[in-house]
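Peer 1:
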Amino acid sequence: MTDNNFDYDSFVRNPLNPIDIDNLTLQDSLFSSTSPSLSPCNSFNISSLNINGLKMFSQNKIELLNNLFSLKHISFGGVVDTHLHPKQVHFLSKRLSNYTVFSSALDTSQHVRSSGGVSLFIENSLASHVHAYTSLSSRLLSVDLYFKGNVKLRIFVVYIPPTSDQSLRDETIDLLIHALSDAKRLGFHHTVCGDFNMHLDQFYPLFFNQPQIASKGIHHFFNFLLTNGYVDFTPVNFSSTSLGTYHRTDVVSRIDYVWSCPLLKRYLLTSVIFDTRDLSLSDHNPVITYYDFSFLSSSLKPACARQLQRRSRRIFSFDSVTPSQWEDFSTHVDNLCNISPVVFASWHVNRMCEYLHTNIIAGANAILPARTVGNDHTPKLPKDLETLIQHYRFLNRVLHSIRLLRKYPHTLSSSHDRKWSGYLTRLNNIFNLYKSVFSSVPALPSTLLSCRTDYFNSLFRTLSHASKLLRGLHLLKEKEFQDSSIKAHLASRDQDFDTDISSFINSALSHSRHRIVLDRVFIDHPTTPQLLTDPKDISDAVVNHFQNAVPIKSSPPSHISALPDRWRSEYSPMDSVSPNIYSSLMSPPSLEEWLFTVSSMPNGKAPGPSMITYEMLKHLGPTANSLLLTLIRKCFAFADIPDLWRQAMVFPIPKPHEWRCQLKNTHPITLLEVIRKSFVKLFYNRLSAILAAHNVIKGGNFAGLPGGTCRDPIITLESIIHDANHTDSPL
C-alpha cells in the first residue's frame with residue numbers, strides 16, 4: 001500500500017477531533033452562554049505543555065499557566081522543560097492554590113546541553129490519591145495514584161531531548177521504555193505525556209510500509225508504543241495550516257503527546273490542541289486528552305466528598321490571655337459547677353469526670369481567646385493583594401473574550417451586550433479602585449455593537465493597556481509583600497539566635513520539619529494493594545496498625561509463683577524492705593498537694609481528647625478545684641480512673657526515611673488527658689520519695705528518682721565504645 005492510499009485514521013484508531021478547535025476557543029469567552037470551558041461531560045483530563053523554561057519571566061508564565069489550568073479545568077497538567085529545581089517549582093506553584101505539584105530532580109552537570117526539569121500539577125481533590133512519585137531522571141517523572149477497586153494509575157511526564165544531544169536522547173528513551181514495561185508488568189493503568197521531539201505523523205507511513213526500518217534507530221520508540229497498543233488521540237496534522245503543538249517561524253509540527261496504555265482505551269473520549277499563541281506562554285501549544293470519569297468516580301464519589309470537608313480545630317491563644325480574662329475564666333467555671341459537693345461525691349467517677357470536662361471546656365470557649373484553623377491551614381496573602389489578583393484575572397478574562405470577538409466578529413449578538421452591561425459595571429469599579437495607576441480612568445463603550453466599526457481594536461487596546469498597568473501594580477505589591485516577609489523572617493531569625501538557637505540553626509541550614517498529612521494510607525498487600533482515602537477507612541487502618549504494631553507474644557503470669565525460677569527471685573518481695581513504707585501511698589491527697597502537683601506541670605503542652613490544658617487546670621477557681629479534688633480522691637480510694645482518661649489521641653510521626661503513605665514508616669506519639677497525667681504525677685511523686693528515703697532501689701537503678709541521673713552509665717558506655725574503636729577490639 002502506498003502513502004497515497006494509506007488510511008491514517010483507521011490504522012491508528014485516531015479519529016478526527018470531535019470537538020472543533022475554533023468552537024472550543026469560542027466557548028472560553030465570558031460571553032458564552034454555556035460553561036467557561038467546553039469539556040466532555042463527566043470527564044477528567046491529562047495535559048502536556050513544554051513551557052520553554054521558567055527561569056526567565058517566571059512570574060508572568062506561572063500566572064498564564066494558572067489561567068490556562070483554571071480555564072480548561074486541568075486535572076493532571078504535565079509541564080516540561082522547566083529548567084528549575086523541585087524547590088523552585090514548588091515555590092512558584094504556590095500561585096496555583098488548587099494544585100499540588102510533583103517535580104523531577106534537575107541535572108546541572110556541565111556536559112548536558114539542556115538541564116531539563118519536568119513537573120506534574122495535580123488538582124487537589126485527586127492529589128490525595130498519590131501514593132508515591134519517583135524522579136527517574138531530570139527528564140522523566142512518574143507519579144502513582146491508587147483508587148478504590150484496586151485501580152492503579154501511573155502517569156509519566158517526559159521531556160525527550162532533541163537530536164542535537166543524541167546520547168542523552170537515547171538514554172531517556174531507553175529509560176522510558178523500561179519504565180513503561182515495568183508499569184505494564186505491575187498492572188498499572190498508565191499514560192505518558194510530554195515533549196517527545198518526534199514527528200508521529202511522518203512515522204505512520206513508515207511504520208506500515210517499512211516495519212523493519214520502523215523498529216530501528218530513531219524510530220524504535222514510536223514502534224514500541226504502537227506495537228504494544230498505546231493510543232494517542234491527538235488530531236492528525238495533515239497540512240502546514242493545521243494547528244500543531246509546536247510553532248516557530250514557518251514550522252508547524254506535532255511533537256507533544258499524551259499516550260495511553262491499552263487498559264485506558266475504553267475510557268478515552270477525545271484529545272484537543274489548545275491554541276495559546278496569543279498568550280506568549282510558549283512556542284508550544286498544550287495538548288489535552290479527556291477520559292471518562294467513570295474510571296475514577298467509583299472511588300472518588302463516596303470518599304472524596306467527605307475528605308474535602310474542611311475539618312477544623314479550635315486553638316486557644318494562651319499567650320494573649322490577660323490576668324483579668326483568667327479571673328473571668330475561673331469565675332465562669334465556678335458558676336457552671338453549681339452542684340452540691342455531697343451530690344457530686346455520690347456519683348460514679350465516669351459521671352464526675354464528664355461533668356468537670358464539660359464545664360471546664362465551656363468556660364474556656366466562653367472566655368478565653370481562640371482561633372479556628374483548618375487541618376490543612378496555609379498562609380494567606382494580604383487581603384489587598386488577593387483582591388488585586390482577582391481583579392487582574394477578571395480583566396484578563398474580559399480581554400481574552402474581546403480577543404475572540406476580534407477573531408470571530410460574526411459571533412456578536414444581542415446577548416453579548418446584555419452580559420457586557422454587567423461586566424462594564426465591574427470594570428468601572430476596578431478602574432476607579434486603582435485609578436492611581438492610570439493617567440486617566442479608561443473610558444469604555446456602553447455597548448459592544450458600537451465596537452464593530454473598528455473590529456473591536458480600540459476596546460482591545462484599552463483593555464490590554466489596563467491589563468499591563470494592573471499587572472505592573474500586581475508585581476509591585478507582590479514585591480513589597482515579599483520584602484516585608486523577608487524582613488520579618490530575618491528579624492525572627494535574629495531573635496531565635498538569642499532565644500532559640502536550635503531554630504536558628506535549622507533556619508540557617510534550610511532544614512525543614514519533616515511532617516506527614518494523614519489523608520491517605522497505603523496498604524501494601526501482596527496481591528491487592530490499595531490506597532485508602534476515606535476518613536473512616538483511614539481511622540480504622542490506623543487503629544488496627546498501632547494495636548498490632550508490637551504484637552504481644554505472651555500473656556503475663558497471673559502470679560509471681562508462675563514465673564520461671566530465674567525471674568521469680570527478681571520479682572519476689574525484698575526481705576530488706578518493709579511493706580509498711582508504702583502505707584501512705586494510696587491515702588487521699590490534700591488540696592495543697594494536688595495544687596502543688598498541678599503547678600509543677602509544664603505549660604504549652606498538647607492537650608488530650610477533651611482539649612483541657614495545664615493552663616486551664618492552673619487557673620481553676622476554688623469551687624472547681626474542690627470538685628476536681630473530690631474526683632482525684634475517689635480515684636485513689638477505688639483504685640480506678642474514669643473511662644474518659646483511658647482515651648487518647650495517637651499521632652503518627654514520620655521516621656527519618658520516606659513516608660510513602662505507609663504506617664510502618666511512622667512511630668506514634670500518644671496524647672493523654674492532662675488531669676490523668678497530673679494524677680499519675682502525684683502518685684509518682686509519692687512513690688519516688690518513698691523509694692529514695694528508704695534506699696529501695698540500689699546500684700544503677702536510680703535515674704528516675706529525685707536527684708538521679710543517667711550520666712555515670714552513659715560515660716561508662718561511651719568509654720567502652722571508644723576503647724573498642726581505638727584498639728580495634730570487638731564489642
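The letter at position 237 of the sequence shown is residue 237 when you use full-length UniProt numbering, and the numbering goes up by one with no holes. We put the CB at the ideal spot given by N, CA and C, even for glycine. Model, not experiment: these values are computed from the prediction.
Just the C-alpha distance for ASP728 and PRO713, rounded to the nearest angstrom, thanks.
Peer 2: Using only the alpha carbons, I get a separation of about 22 Å.
Peer 1: Rank THR613, SER584, ASN50, MET601 by C-alpha distance to the C-alpha of PHE636 and give the top, closest one.
Peer 2: Closest option to PHE636, Cα to Cα, is SER584.
Peer 1: Have a look at LEU141 and TYR257 and give me their C-alpha separation to the nearest angstrom.
Peer 2: In a straight line, the C-alpha of LEU141 is about 15 Å away from that of TYR257.
Peer 1: So, helix, strand or coil for ILE715, using DSSP?
Peer 2: Residue state, collapsed to three classes: helix.
Peer 1: Apart from the five residues just before and just after ALA271, which ones in its own chain have a Cβ nearer than 8 Å to its Cβ?
Peer 2: What sits at residue 271 in the sequence shown is Ser, not Ala. Here the set comprises ASN17, ASP232, PHE233, THR234, PRO235, VAL258, VAL287, ILE288, THR289, TYR290.
Peer 1: Roughly how many whole angstroms lie between the Cα atoms of PRO323 and PHE329?
Peer 2: Cα to Cα, PRO323 sits roughly 10 Å from PHE329.
Peer 1: Whose C-beta lies closer than 7 Å to the C-beta of LYS435 among residues of the same chain, with five residues either side of it excluded?
Peer 2: Cβ neighbours of LYS435 beyond the five flanking positions: VAL441.
Peer 1: Are the beta-carbon atoms belonging to VAL151 and LEU120 less than 8 Å from one another?
Peer 2: No, they are not a contact pair.
Peer 1: Along the alpha helix (DSSP H) that carries LEU49, what are the first and last residues, could you check?
Peer 2: First-last for LEU49: 43-50, but that is the beta strand (DSSP E), not the alpha helix (DSSP H).
Peer 1: So what's LYS152 in DSSP terms, helix, strand or just coil?
Peer 2: LYS152: strand per DSSP, three-state reduction.
Peer 1: Have a look at PHE679 and HIS90 and give me their C-alpha separation to the nearest angstrom.
Peer 2: For PHE679 and HIS90, the distance between alpha carbons rounds to 47 Å.
Peer 1: Where does ASN432 land, buried or exposed, given buried means 16+ other C-beta within 10 angstroms?
Peer 2: Exposed.
Peer 1: Is the distance from the Cβ of THR372 to the Cβ of GLY621 below 8 Å?
Peer 2: Their beta carbons are not under 8 Å apart, which means THR372 does not touch GLY621 by this criterion.
Peer 1: Since ASP524 contacts SER128 with CB under 8 Å, what's their CB separation in whole angstroms?
Peer 2: Going by Cβ atoms, the distance from ASP524 to SER128 rounds to 18 Å, so no, they are not a contact pair.
Peer 1: Give the secondary structure of PRO526 by DSSP, where H, G and I count as helix, E and B as strand, and everything else as coil.
Peer 2: Three-state DSSP puts PRO526 in coil, outside helix and strand.
Peer 1: Thinking just about the alpha-carbon of each residue, which of SER103, GLY229, TYR146, SER260 is nearest to the one in ASN45?
Peer 2: Taking only the C-alpha atoms, the option nearest ASN45 is SER260.
Peer 1: Would you identify the three-state DSSP class for GLY669, choosing helix, strand or coil?
Peer 2: Note on identity: in this sequence residue 669 is Ile, with Gly being the wrong assignment. Looking at ILE669 - three-state DSSP - the assignment turns out to be strand.
Peer 1: Sort HIS220, HIS190, THR709 by Cα distance to LEU200 and report the nearest one.
Peer 2: Measuring from the Cα of LEU200, the nearest candidate turns out to be HIS220.
Peer 1: Would you kindly work out how many angstroms separate the C-alpha atoms of VAL550 and VAL650, rounded to a whole number?
Peer 2: If I take the Cα positions, the gap works out to 15 Å.
Peer 1: Which residues bound the beta strand (DSSP E) around PHE147?
Peer 2: Where PHE147 is concerned, the enclosing beta strand (DSSP E) stretches over 140-147.
Peer 1: With DSSP as the reference, identify every bridge partner of ARG520, one or two as the case may be.
Peer 2: Paired residues: none, contrary to the question.
Peer 1: For LEU509, is the classification buried or exposed, using 16 other Cβ atoms within 10 angstroms of its Cβ as the cut-off for buried?
Peer 2: Exposed, since its Cβ has fewer than 16 Cβ neighbours within 10 Å.
Peer 1: HIS465 to ASN66, Cα distance in whole Å?
Peer 2: Each residue's alpha carbon lies about 21 Å from the other.
Peer 1: Is the CB-CB distance between ILE690 and TYR582 below 8 Å?
Peer 2: Against a cut-off of 8 Å, the Cβ pair of TYR582 and ILE690 comes out as a contact.
Peer 1: With a cut-off of 8 Å, do at least 3 Cβ pairs link the segment 397-410 to the segment 352-360?
Peer 2: As far as the Cβ criterion goes, the segment 397-410 does not touch the segment 352-360, which means the pair count is below three.
Peer 1: Assign LEU308 to one of two classes, buried (16 or more other C-beta atoms within 10 Å of its C-beta) or exposed (fewer than that).
Peer 2: Caution is warranted here: a pLDDT of 42 is assigned to LEU308, below 50, making its placement in the model unreliable, and the coordinate value is therefore given only provisionally. Exposed, because fewer than 16 other Cβ atoms sit within 10 Å of the Cβ of LEU308.
Peer 1: When the distance is taken between beta carbons, is ALA105 closer than 8 Å to ARG660?
Peer 2: Cβ atoms of ARG660 and ALA105: not closer than 8 Å.
Peer 1: Around the C-beta of residue 756, are 16 or more other C-beta atoms found within 10 angstroms, so that it is buried, or is it exposed?
Peer 2: The requested residue 756 is not part of the displayed model; the chain covers only 1 to 731.
Peer 1: For MET616, collect the residues of the same chain with a Cβ closer than 7 Å to its Cβ; drop the 5 residues on either side in sequence, then sort them by chain order.
Peer 2: If we look at MET616 and ignore the five residues flanking it on each side, its Cβ neighbours are ILE360, ALA364.
Peer 1: On the three-state DSSP scale, how would you describe HIS284?
Peer 2: Of the three classes helix, strand and coil, the one that applies to HIS284 here is strand, per DSSP.
Peer 1: Measure the CB-CB distance between residue 784 and TYR99 and report whether it falls below 8 Å.
Peer 2: The structure shown does not extend to residue 784, since the chain is modelled only from 1 through 731, so no value can be given for it.
Peer 1: Going straight from the alpha carbon of SER492 to that of ARG393, what length do you get?
Peer 2: Taking the straight line from one Cα to the other gives about 34 Å.
Peer 1: Three or more C-beta pairs under 8 Å: does that hold for the segment 274-282 against the segment 559-572?
Peer 2: Touching, no.
Peer 1: Report, in whole angstroms, the separation of the C-beta atoms of HIS178 and LEU153, which I expect to be a contact under 8 Å.
Peer 2: No, HIS178 and LEU153 are not in contact; Cβ-Cβ is about 19 Å, not under 8 Å.
Peer 1: Helix, strand or coil, according to DSSP, for ILE430 in the structure here?
Peer 2: Correct three-state label for ILE430: helix.
Peer 1: In terms of residues, what are the limits of the beta strand (DSSP E) holding MET649?
Peer 2: Counting along the chain, the beta strand (DSSP E) containing MET649 begins and ends at 649-654.
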